[in-house]
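Sequential numbering from 3 applies to the sequence shown in our numbering.
See structure below.
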Amino acid sequence: MISNEKIINLYSDSFKLMKNVLVIGSTGQIGSELTMKIRREVPGSTVVAGYIPGAEPKGELLESGPAEIADVRDAAGLAAIVDKYQIDTVYNLAALLSAVAERKPLLAWDIQMNGLLNILEIAREKNCAVFTPSSIGSFGPETPHVGTPQDTIQRPRSMYGVTKVATELLSDYYHHKYGVDTRSVRFPGLISYTTLPGGGTTDYAVEVYYSAVKREEFVCPIAPGTYMDMMYMPDALHAAIQLMEADPARLKHRNSFNIASMSFEPEELFTKIREYIPDLRVRYEVDPVRQAIATSWPDSMDDSCAREEWDWKPTYNLDSMTRDMLFHLREKLGK
Ligand code: SER
Numbered sequence: 003m004i005s006n007e008k009i010i011n012l013y014s015d016s017f018k019l020m021k022n023v024l025v026i027g028s029t030g031q032i033g034s035e036l037t038m039k040i041r042r043e044v045p046g047s048t049v050v051a052g053y054i055p056g057a058e059p060k061g062e063l064l065e066s067g068p069a070e071i072a073d074v075r076d077a078a079g080l081a082a083i084v085d086k087y088q089i090d091t092v093y094n095l096a097a098l099l100s101a102v103a104e105r106k107p108l109l110a111w112d113i114q115m116n117g118l119l120n121i122l123e124i125a126r127e128k129n130c131a132v133f134t135p136s137s138i139g140s141f142g143p144e145t146p147h148v149g150t151p152q153d154t155i156q157r158p159r160s161m162y163g164v165t166k167v168a169t170e171l172l173s174d175y176y177h178h179k180y181g182v183d184t185r186s187v188r189f190p191g192l193i194s195y196t197t198l199p200g201g202g203t204t205d206y207a208v209e210v211y212y213s214a215v216k217r218e219e220f221v222c223p224i225a226p227g228t229y230m231d232m233m234y235m236p237d238a239l240h241a242a243i244q245l246m247e248a249d250p251a252r253l254k255h256r257n258s259f260n261i262a263s264m265s266f267e268p269e270e271l272f273t274k275i276r277e278y279i280p281d282l283r284v285r286y287e288v289d290p291v292r293q294a295i296a297t298s299w300p301d302s303m304d305d306s307c308a309r310e311e312w313d314w315k316p317t318y319n320l321d322s323m324t325r326d327m328l329f330h331l332r333e334k335l336g337k
């Protein structure tokens, strides 16, 4: 594993391009950590924490830099922030996750597609780079599930997946047609201890750690045997930064790169947690909506293009992630 010190050095060497950054969705699962990481590791940078009313930044996130209301559906509001802070890089992290998007498909379309179009138009006019994450959700039942190739069939059946494929295509369109510097990764399910995800299919793999530390029974909505790609948040943040700082001349792909670090099904995760908390109790109550989505997603993606084109390399596996999650959650929950 690469030491933290080495990772920080790697980041500071590569932080030449990004200076004035807008993180849209800065209080969400990824945004809350990404905003702080760029602020901490890029001296002299300005990172604007964009949020929507009702999800205001608090504590360190609020105190360590500027914050602005940044609703992706409000193009004029976004443009004003870009002008005010001379933004050069936008992390567009506003999204409804897969299960909640099935309940609110029109809202998911509005945020994910109309919101993206607003951002891309502003980026075209004001010359910003844009990172909009895609996901394992951009794949569907006809996709090869094991070793899912970079370029393959993408026919998802969830609204979340439909918006992710469209995001990839629209982002590439703006790059090819207008030269906008759009880049993206297909995130696996992300596991973290800082901010909980909300309404995703892979959320179970976060929630079980909380139950384990609290000594509560965990009710699992995903059936045993269902493999999905997963990733620990530090690797995901590293990817989001490293890709935006990569040499564009090396990029044959842009929207979007497969990235992978681990793949497991529920029983493998529970067995690993039991190595450290032997009395973890689990009961299955499979949610048909999430299960149908999970079954349609890859078991494990092939991330060789990301490795070749911008030197992607994860550092955490299931064991090192589990040890780190349990350590931090015990501290956070006072257990
Ligand atoms: N974690 C997301 C979800 O489960 C997938 O990108 O919806």
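We treat Cβ as the ideally placed atom computed from N, Cα and C, and that holds for glycine.
Cα-Cα separation between residue i and residue j, rounded to whole angstroms
i: Ala168; j: Met115; result: 8 Å
i: Ile26; j: Leu282; result: 36 Å
i: Ala72; j: Asp85; result: 13 Å
i: Met264; j: Met161; result: 25 Å
i: Ala242; j: Pro316; result: 12 Å
i: Ser298; j: Gly46; result: 44 Å
i: Ala96; j: Ile138; result: 17 Å
i: Gly227; j: Asp90; result: 44 Å
i: Lys337; j: Ser194; result: 17 Å
i: Arg217; j: Leu335; result: 11 Å
i: Glu341; j: Gly149; result: Since the displayed the chain opens at 3 and closes at 337, residue 341 lies outside it and no answer follows.
i: Ala82; j: Leu19; result: 22 Å
i: Pro143; j: Ala294; result: 10 Å
i: Lys60; j: Phe329; result: 23 Å
i: Lys39; j: Glu333; result: 20 Å
i: Tyr93; j: Gly30; result: 12 Å
i: Thr37; j: Glu58; result: 14 Å
i: Ala225; j: Ala131; result: 40 Å
i: Ser213; j: Glu219; result: 6 Å
i: Leu320; j: Glu127; result: 43 Å
i: Lys166; j: Lys274; result: 31 Å
i: Tyr180; j: Ser306; result: 28 Å
Cβ-Cβ distance between residue i and residue j below 8 Å
i: Leu122; j: Val182; result: yes
i: Asp376; j: Ser302; result: Examination of residue 376 is not possible in this model, given that the chain is present from 3 through 337 alone.
i: Asn120; j: Ala77; result: yes
i: Asp41; j: Gly67; result: Checking the sequence shown, residue 41 turns out to be Arg, not Asp. Result yes, Cβ atoms of Arg41 and Gly67 sit closer than 8 Å.
i: Thr145; j: Ser173; result: no
i: Arg75; j: Ile113; result: yes
i: Pro151; j: Asp304; result: yes
i: Leu331; j: Val215; result: yes
i: Gln88; j: Asn129; result: no
i: Ala308; j: Ile261; result: yes
i: Glu104; j: Ser136; result: no
i: Glu35; j: Leu245; result: no
i: Ser100; j: Gly33; result: no
i: Glu267; j: Tyr229; result: yes
i: Leu80; j: Ser28; result: no
i: Pro300; j: His147; result: yes
Exposure of residue i, with buried meaning 16 or more beta-carbon neighbours within 10 Å
i: Arg252; result: exposed
i: Gly200; result: exposed
i: Ser5; result: In this predicted model, Ser5 has a pLDDT of only 39, less than 50, meaning its place in the structure is not dependable enough to derive any value.
i: Lys8; result: Because the pLDDT at Lys8 is just 39, under 50, the model does not fix this residue reliably, and the point stays unresolved.
i: Ile124; result: buried
i: Phe272; result: buried
i: Tyr234; result: buried
i: Ala69; result: buried
i: His177; result: buried
i: Ile10; result: Here the model assigns Ile10 a pLDDT of 42, short of 50, so the residue's position is not dependable and the matter cannot be decided.
i: Asp15; result: At Asp15, the pLDDT of 44 sits below 50, so the modelled position is not reliable; the number obtained from the coordinates is stated separately. So Asp15 ends up on the exposed side.
i: Asp153; result: exposed
i: Arg159; result: exposed
i: Pro223; result: buried
i: Leu198; result: exposed
i: Tyr318; result: buried
i: Gly117; result: buried
Any non-hydrogen atom of the ligand SER closer than 7 Å to residue i Cβ
i: Tyr162; result: yes
i: Thr203; result: yes
i: Gly191; result: yes
i: Leu80; result: no
i: Ile113; result: no
i: Leu109; result: no
i: Ile261; result: no
i: Ser100; result: yes
i: Gly139; result: yes
i: Pro146; result: no
i: Pro223; result: no
i: Pro68; result: no
i: Pro236; result: no
i: Pro199; result: yes
Below-8 Å beta-carbon distance, residue i vs any chain D residue
i: Ser100; result: Absent from the structure: chain D. Only one protein chain is present.
message = Counting beta carbon pairs with one atom in the region 314–325 and one in the region 274–292, are three or more of them shorter than 8 Å?
response = yes
message = For the region 201–211 against the region 244–263, do three or more pairs of beta-carbon atoms, one drawn from each stretch, fall closer than 8 Å, so that the two count as touching?
response = no
Cβ pair count under 8 Å reaching 3, the region 184–192 against the region 104–114 = no
inquiry  = Under 8 Å, with one C-beta from each stretch per pair, do the region 284–299 and the region 253–261 reach the 3-pair mark?
reply    = no
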